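Numbering (this note's numbering), first residue to last: 150 to 442.
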């Protein structure tokens with residue numbers, strides 16, 4: 150599947166413009182969508198999921214213009230919001246079988262589809278376990294499994310790792326990487342490190358616009374000379390915070406503050422350059438001072 154979005158905009162009745170001329174091309178792989186609250190991520194995902202009508206713009210699937218509200222398009226889409234209701238007294242198999250029936254999956258293939266979906270999300274051994282006993286990570290994986298029942302070509306997932314512990318986040322990331330080999334997977338998240346490492350592209354949004362889209366390694370190379378660290382006193386830290394974009398701050402054994410700073414120039418005489426990390430991308434590109442806005 151190849152999905153092309155051209156000049157997509159959304160203006161709400163109160164005149165608020167949530168999206169401004171979004172243009173994207175998506176093919177098989179993971180796309181990580183980042184942005185602050187109100188950047189337009191949810192609006193974009195709801196339009197692509199067929200839940201919201203755009204104000205203007207064109208969507209093409211494999212070269213053909215489509216409406217995101219038409220049934221033939223929506224049949225190829227799977228959307229998983231951050232909060233997904235589950236029936237705790239159902240087993241994993243019972244729940245997925247029920248959903249497959251509701252989705253209109255042919256009766257002759259429901260059993261095989263359910264089993265394959267459980268295999269894809271690594272939950273086959275828990276197929277007879279009731280959902281109320283599932284951990285947060287397992288529940289999110291069941292959410293992914295139900296998207297796979299009708300063999301969706303395009304998966305849209307909102308905050309996939311919210312509330313998961315570190316082990317569950319790693320497991321979930323591996324599942325996403327596997328299922329994205331032959332599908333488009335668009336993820337919205339605030340935790341850059343969770344999905345940035347498996348993303349084909351990172352898409353940064355701000356105020357309804359895409360401000361940058363590229364492969365993670367390309368983006369890291371672009372900021373290679375703009376990441377610094379320095380150990381400073383509390384007083385110096387306050388001064389630096391007024392001028393520079395700050396990353397992580399850690400307390401050293403000597404009682405000083407080890408500060409990660411994003412700056413095109415050396416921010417302090419003792420500052421040393423550091424290897425850029427995925428979290429730095431988010432801060433760098435969303436800082437108007439760095440972008441020259």
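For every residue, glycine included, the Cβ atom is placed at its ideal position computed from N, Cα and C. Since the model is a prediction, treat every value here as computed from it, not as a measurement.
Point to revise | Bridge partners - residue 380, DSSP secondary structure assignment | key: 407
Check your understanding: What is the DSSP secondary structure of residue 347, reduced to helix, strand or coil?
Key -> coil
Review point. Anyone know if the C-beta pair for residue 198 and residue 345 falls short of 8 Å?
Key: no
Check your understanding: On the three-state DSSP scale, how would you describe residue 204?
Key -> Coil, per DSSP.
**Study point:** Segments assigned alpha helix (DSSP H), at least 4 residues, entirely inside the stretch 287–313
**Key:** Here no run is fully enclosed.
Review point. From residue 169 to residue 204, what does the alpha carbon distance come to, in whole angstroms?
Key: 10 Å
Check your understanding: With a CB to CB cut of under 7 Å and the five nearest residues on each side skipped, what residues in its chain are close to residue 277?
Key -> For residue 277, the CB contacts under 7 Å within the same chain, skipping 5 residues up- and downstream, are 240 and 242 in chain order.
Exercise for review: May I have the straight-line CA-CA distance separating residue 261 from residue 217, to the nearest angstrom?
Suggested key: Cα-Cα distance, rounded: 29 Å.
Point to revise | Boundaries of the alpha helix (DSSP H) in which residue 266 is found, first to last residue | key: Judged by DSSP secondary structure, residue 266 falls within the alpha helix (DSSP H) whose first and last residues are 256–269.
Review point. How many angstroms separate the CA atom of residue 367 from the CA atom of residue 259?
Key: 42 Å
Practice item. Scan the stretch 194–239 and note each continuous alpha helix (DSSP H) run of 4 residues or more that stays entirely inside, going in chain order. Key: Those alpha helix (DSSP H) runs which fall completely within the stretch 194–239 and span 4+ residues are 220–223.
Check your understanding: For residue 417, which three-state DSSP category applies?
Key -> For residue 417, the three-state secondary structure derived from DSSP is coil.
**Study point:** Unbroken beta strand (DSSP E) run spanning residue 372, endpoints
**Key:** Careful: residue 372 lies outside any beta strand (DSSP E) and carries neither H nor E.
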